[in-house]
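J.:
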Amino acid sequence: MIEKDVTIKNRAGLHTRPAAALVKLAAQFQSEFFIYKDGFEINGKSIIGVMTLAAEQGSTLQLKFDGSDEQQAAQAVVGLFERGFDEV
Amino acid sequence: MGQKNEIVLHGIPASPGIIIGKAYVFAKQAPRVEEKSIGENEISLELERLQHAVDRSEKELLKVLQLTEQKVGSQKAKIFEAQIMILSDSVLFGSIRKRIQNDLKSAEYVVHREISKYQQMMMNSSDEYMRERAHDVEDVKNRVIRNIQQEKLISRFEPNSIVVSEILTPADTVLFSRNEVLAYATDMGGVTSHAALLSRSLNIPSVVGLKVITKHVQVGDTIIVDGYTGNVTLHPTEETIARCIERKTEHEQFETRLKEIRELTAQTMDGKIVHLSCNIEFSDEAGNVHTQGSTGVGLYRTEGLFLRTENYPSEDEQYAEYRAVVEKSRPHKVVMRTLDIGGDKVVSNSTSEDNPFLGWRGIRLLLDRPEVFLTQLRAMLRASAYGEIWIMLPMISGIKEIRQSKEYLEIAKKELREKHVPFDENIKIGAMIEVPSAAILAGEIAEEVDFLSIGTNDLIQYLLAVDRGNEVVSSLYQEFHPAVIKTIRSIIMEAHRVGKPVSMCGEMAGDPIAILLLLGLGLDEFSMTPHILPEIKKIIRSVSCAEAEEIANRVLEMKTEDDIKDFLRVNLHTMVPELLLE
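Shown next as structure tokens:
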């Protein structure tokens with residue numbers, strides 16, 4: 002299991018488009034992927050869940066990956082956050 | 180067929196005409212969901228129903244998405260993209276399937292419970308964006324549930340239907356107007372709501388304020404909409420249908436007779452000529468100027484152009500539209516009203532206000548947004564090279580707004596002159612009188628401008644403090660309130676004192692029973708929805724100005740609207756007996 006902290010960098014936060022990109026990317030991996038924010042736990046492969054997070058610019062999320070390809074999953078997902086979902 | 184009893188619902192007639200047709204229910208209300216247990220042997224059937232409903236919902240949403248992209252623009256269409264993504268959320272539907280199997284509950288109940296959780300979380304957010312997303316989530320939920328219940332929701336509007344809905348927003352009306360809508364019938368709305376105005380300008384019969392029609396009508400039911408009386412008949416008997424066809428024919432014959440006077444002047448029997456002109460919203464409607472026998476456009480509402488596009492239309496887009504209106508109306512003039520957004524005419528990016536009718540609308544918005552105002556003025560000026568345009572300023576409440584507007588007009592003229600763009604140097608500018616303060620200052624305002632135009636719809640609601648769209652108080656909205664009549668008289672007298680003409684472009688100018696009174700008060704121009712124009716001309720040609728003045732003087736002594744209306748109705752009936760008054 003891998004845990005990582007990430008910060009939302011793009012201005013609009015985790016709105017629909019970034020949420021969709023995140024879910025799409027996460028779906029490519031076998032590993033389970035959960036996001037924690039303010040005491041909420043959300044399945045990172047669920048678009049409705051990620052939308053519900055309402056994560057705005059500057060907020061910090063904890064990511065948890067668990068499964069056979071957790072290394073690759075963590076690397077890809079954290080990379081997407083660091084690039085600000087390519088819309089910074 | 181035939182097993183259901185005939186029901187007649189009474190509403191407010193908003194646009195004339197009688198239509199018999201099939202209903203298309205444009206439902207926005209949530210489907211009912213009850214907690215229902217299922218047996219273990221029903222699990223696979225329940226899962227199948229769920230899958231079927233999800234697939235169907237996706238298909239429907241793809242269609243809506245496509246339609247919205249075409250008609251409204253890709254920005255608005257994004258809402259539906261998000262909804263489609265939710266439908267393919269495998270985590271969400273995975274847990275829904277698991278719950279159906281483990282809890283042994285019906286698919287619609289589990290869908291309702293699971294999706295509502297997310298919806299609730301979003302609703303609780305302090306972020307407005309999130310709360311809006313909650314509505315998207317609710318829409319998806321309701322769509323899936325409706326499809327599980329296999330209630331027939333036709334995602335694509337069937338042409339040649341009568342649209343039945345709770346309420347029609349201006350955007351809905353515009354969208355439907357591109358399809359072939361036979362008639363509208365809605366639960367909410369008053370006679371002067373924007374949707375009612377729009378249906379009238381598009382010549383689509385409509386009845387509003389029916390309160391409960393969406394609860395009684397289902398898709399495909401035969402209904403009769405009578406836009407003259409405001410009655411809507413559900414499950415009509417053969418006898419009722421026959422009677423309606425008869426009435427419809429009667430009206431059509433009368434309208435044919437009216438066409439015969441189309442080419443004649445609107446002149447009273449004792450020789451006074453008045454101008455009868457059209458209220459229009461789209462350039463397509465400008466053809467009515469000639470077919471209805473009018474003397475031009477007395478009110479061209481420019482908002483239609485702004486509501487159809489996502490952002491403010493460019494100067495060139497506006498110019499093309501205005502030029503089309505002017506060219507179609509030649510040799511007659513076109514009175515163009517500058518953008519009057521606000522109140523019930525809301526654009527997508529407008530800020531929300533507690534009291535929009537008393538808020539940022541009309542000239543107030545334009546003076547705060549000089550770039551929007553100047554763009555529109557330049558477009559109008561450029562179009563004035565192709566025909567006569569009078570510019571009309573909405574929501575004027577005092578002299579300062581007029582002076583500022585005239586300064587902007589001079590700036591716009593100067594810009595065009597510098598670029599050697601042709602325009603009418605003597606373009607006329609006028610003020611709408613619709614705010615009580617402007618009515619009181621009518622004489623002073625008339626000195627500053629070339630003409631006045633009374634916008635009765637807003638004037639009446641501001642004068643009487645009645646929200647015209649609120650059906651609880653809409654009966655207090657009285658065109659013939661003595662205060663309204665005295666105000667109109669004073670506006671006309673004050674403008675005439677300084678030699679300026681007065682027109683009226685509100686509903687009242689097209690109300691048959693108001694014509695004698697307005698004529699008697701000295702109104703110079705009546706601007707109305709085009710379809711009623713021949714009937715009004717018929718009235719003008721059947722009476723004398725002297726008689727009208729006498730009637731107006733009698734009315735000015737009366738104390739209640741009921742007395743005034745009765746008196747005017749009786750007189751009209753005596754003087755023009757062939758009118759079909761409802």
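If you're matching them up, the sequences are chains A and B in order. Each number in this note's numbering comes from the position in the first sequence (counting from 1) with 1 added on. Each number in this note's numbering comes from the position in the second sequence (counting from 1) with 179 added on. Think of the CB as a built atom: it goes at the ideal place given N, C-alpha and C, for glycine as much as any other residue. Quick caveat: nothing in here was measured; it's all calculated off a predicted structure.
1) Along the chain, where does the alpha helix (DSSP H) containing S216 of chain B start, and where does it finish?
2) Please report whether the beta-carbon of R276 of chain B lies at a distance below 8 Å from any beta-carbon of chain A.
3) Output yes if chain B places a C-beta closer than 8 Å to the C-beta of G85 of chain A; else output no.
4) What do you get for H189 of chain B, buried or exposed, if any count of 16 or more other CB atoms within 10 angstroms of its CB means buried?
5) Is the beta carbon of D268 of chain B sitting closer than 8 Å to the one on I43 of chain A?
6) Determine the DSSP secondary structure at K524 of chain B, reduced to helix, strand or coil.
7) Check whether the region 699-717 of chain B touches the region 467-476 of chain B, counting contact only when three or more Cβ pairs, one atom from each stretch, lie closer than 8 Å.
8) Helix, strand or coil: which one does DSSP assign to E42 of chain A?
9) Assuming D547 of chain B is part of the alpha helix (DSSP H), what are its boundary residues?
10) For the region 33-45 of chain A, which residues have a beta carbon sitting closer than 7 Å to at least one beta carbon of chain B?
11) If we count Cβ pairs, one from each stretch, closer than 8 Å, do we get three or more for the region 15-25 of chain A versus the region 46-60 of chain A?
12) What would DSSP say about T666 of chain B, mapped onto helix, strand or coil?
13) Report the start-end ranges of each beta strand (DSSP E) in the region 668-715 of chain B that is 3 residues or longer and not cut off at the edges.
14) Within the 8 Å Cβ cut-off, does I9 of chain A reach chain B?
15) For the region 530-543 of chain B and the region 497-510 of chain B, state whether three or more C-beta atom pairs, one from each stretch, are separated by less than 8 Å.
16) Taking 7 Å as the limit between beta carbons, can you name the residues of its chain near K183 of chain B, skipping five residues before and five after?
17) By Cβ distance, which residues of its chain are closer than 6 Å to E418 of chain B, with the 5 residues on each side in sequence left out?
18) Is H231 of chain B helix, strand or coil by DSSP?
19) Per DSSP, which residues does W569 of chain B bridge with? Please list them.
20) Can a CB atom of chain B be found closer than 8 Å to the CB of G59 of chain A?
21) Could you check which residue in B:S632, B:R557, B:E567 and B:A618 has the C-alpha nearest to that of R596 of chain B?
22) Is there a C-beta anywhere in chain B that falls below 8 Å from the one on S47 of chain A?
23) When DSSP labels each residue in this structure, what does E57 of chain A get in the three-state scheme?
24) Look at the Cβ atom of Y203 of chain B, then the Cβ atom of E311 of chain B, and state whether they are nearer than 8 Å.
25) Give the single residue among B:R733, B:E740, B:R720 and B:A725 whose Cα lies nearest to the Cα of D757 of chain B.
26) Measure from the C-beta of A21 of chain A to each C-beta in chain B and report whether the shortest distance is under 8 Å.
27) Taking Cβ-Cβ distances shorter than 9 Å, what residues in chain B pair up with G50 of chain A?
28) Who are the neighbours of S236 of chain B on chain A, taking C-beta pairs under 7 Å?
29) Are the CB atoms of V398 of chain B and A364 of chain B within a distance shorter than 8 Å?
30) Can you name the start and end residues of the alpha helix (DSSP H) that S295 of chain B belongs to?
31) Using DSSP's beta-bridge definition, name the partner residues of H189 of chain B.
32) Would you decide whether N750 of chain B is buried or exposed? Buried here means 16 or more other CB atoms lie within 10 Å of its CB.
33) Which same chain residues end up closer than 7 Å to E237 of chain B when comparing Cβ atoms and leaving out the 5 residues on each side of it in sequence?
34) Using alpha carbons as the reference points, say which of B:L389, B:V243, B:E345 and B:V323 lies closest to Q230 of chain B.
35) Using a Cβ-Cβ distance under 8 Å, would V316 of chain B count as near chain A?
36) Any Cβ of chain B within less than 8 Å of the Cβ of A56 of chain A?
T.: In brief:
1) Taking the second sequence and counting its residues from 1, the one referred to as residue 216 of chain B is at position 37. Looking at the DSSP string, S216 of chain B is not in any alpha helix (DSSP H), and its letter there is neither H nor E.
2) Within the second sequence, the letter at position 97 stands for residue 276 of chain B. Not one chain A Cβ lies under 8 Å of R276 of chain B.
3) Here residue 85 of chain A refers to the residue found at position 84 when the first sequence is read from its first residue. So no, G85 of chain A is outside the interface.
4) On the second sequence, residue 189 of chain B is found 10 positions in, with the first residue counted as 1. When all chains shown are included, H189 of chain B counts as exposed.
5) What you label residue 268 of chain B is simply residue 89 of the second sequence in a count that begins at 1. What you label residue 43 of chain A is simply residue 42 of the first sequence in a count that begins at 1. Contact flag unset, no.
6) By one-based count along the second sequence, residue 524 of chain B stands at place 345. No answer about K524 of chain B holds up, because its pLDDT of 46 lies below 50 and its placement is not dependable.
7) yes
8) Residue 42 of chain A sits at position 41 when you count from the first residue of the first sequence. If DSSP states are grouped into helix, strand and coil, E42 of chain A belongs with the strands.
9) Position 368 of the second sequence, counted from the start, is the residue given in the question as residue 547 of chain B. From DSSP, the alpha helix (DSSP H) with D547 of chain B extends over I542 to D547.
10) N44
11) yes
12) As a first step, residue 666 of chain B must be located in the second sequence, where it is residue number 487. Note: T666 of chain B maps to helix in three-state DSSP.
13) 681-683 and 704-707
14) Sequence index remark: in the first sequence, residue 9 of chain A carries index 8 (1-based). Output row for I9 of chain A: interface = no.
15) no
16) In the second sequence, counting from the first residue as 1, residue 183 of chain B sits at position 4. Only H414 meet the Cβ criterion.
17) Locating residue 418 of chain B in the second sequence gives position 239, where the first residue counts as 1. The answer is none, since no qualifying residue turns up.
18) By 1-based counting over the second sequence, the position of residue 231 of chain B is 52. DSSP places H231 of chain B in helix when its eight states are reduced to three.
19) By one-based count along the second sequence, residue 569 of chain B stands at place 390. W569 of chain B is bridged to B:V514 and B:K607.
20) Within the first sequence, the letter at position 58 stands for residue 59 of chain A. No, G59 of chain A lies away from the interface with chain B (no Cβ there is under 8 Å from its Cβ).
21) If you number the second sequence from 1, residue 596 of chain B lands on position 417. Comparing Cα-Cα distances from R596 of chain B to each of B:S632, B:R557, B:E567 and B:A618, the minimum goes to B:R557.
22) Translated into the one-based positions of the first sequence, residue 47 of chain A becomes position 46. For S47 of chain A, the answer is yes, since a Cβ of chain B falls inside 8 Å of its Cβ.
23) Position 56 of the first sequence, counting from 1, holds the residue named residue 57 of chain A. In this structure, E57 of chain A counts as coil in the three-state DSSP scheme.
24) In the second sequence, counting from the first residue as 1, residue 203 of chain B sits at position 24. In the second sequence, counting from the first residue as 1, residue 311 of chain B sits at position 132. No, the pair does not count as a contact, with Cβ atoms beyond the cut-off.
25) Indexing the second sequence from 1 puts residue 757 of chain B at position 578. The question names Asp, yet the displayed sequence has Glu at residue 757 of chain B. Considering only alpha carbons, the answer is B:R720.
26) Within the first sequence, residue 21 of chain A is the residue found at index 20, counting from 1. Interface residue, yes.
27) As a first step, residue 50 of chain A must be located in the first sequence, where it is residue number 49. Going along chain B in sequence order, the residues near G50 of chain A (Cβ under 9 Å) are D268, V270, L271 and Y297.
28) By one-based count along the second sequence, residue 236 of chain B stands at place 57. Going along chain A, no residue has its Cβ under 7 Å from S236 of chain B, so there is no contact; the nearest lies around 14 Å.
29) Counting from one through the second sequence, the residue named residue 364 of chain B turns up at place 185. Counting from one through the second sequence, the residue named residue 398 of chain B turns up at place 219. No, Cβ-Cβ distance for A364 of chain B and V398 of chain B is not below 8 Å.
30) Along the second sequence, read from residue 1 onward, the residue named residue 295 of chain B stands at position 116. A286 to M302 is the span of the alpha helix (DSSP H), which, as asked, contains S295 of chain B.
31) For this step, residue 189 of chain B is matched to residue 10 along the second sequence. Looking at the DSSP assignment, H189 of chain B forms a beta bridge with B:N410.
32) Within the second sequence, the letter at position 571 stands for residue 750 of chain B. It is buried - the Cβ of N750 of chain B has at least 16 other Cβ atoms within 10 Å.
33) Position 58 of the second sequence, counted from the start, is the residue given in the question as residue 237 of chain B. Contacts found: I263 and L266.
34) Walking along the second sequence from the start, residue 230 of chain B turns up at place 51. Considering only alpha carbons, the answer is B:V323.
35) To locate residue 316 of chain B, count along the second sequence from 1; it is residue 137. Yes, contact with chain A.
36) Position 55 of the first sequence, counting from 1, holds the residue named residue 56 of chain A. Closer than 8 Å: no.
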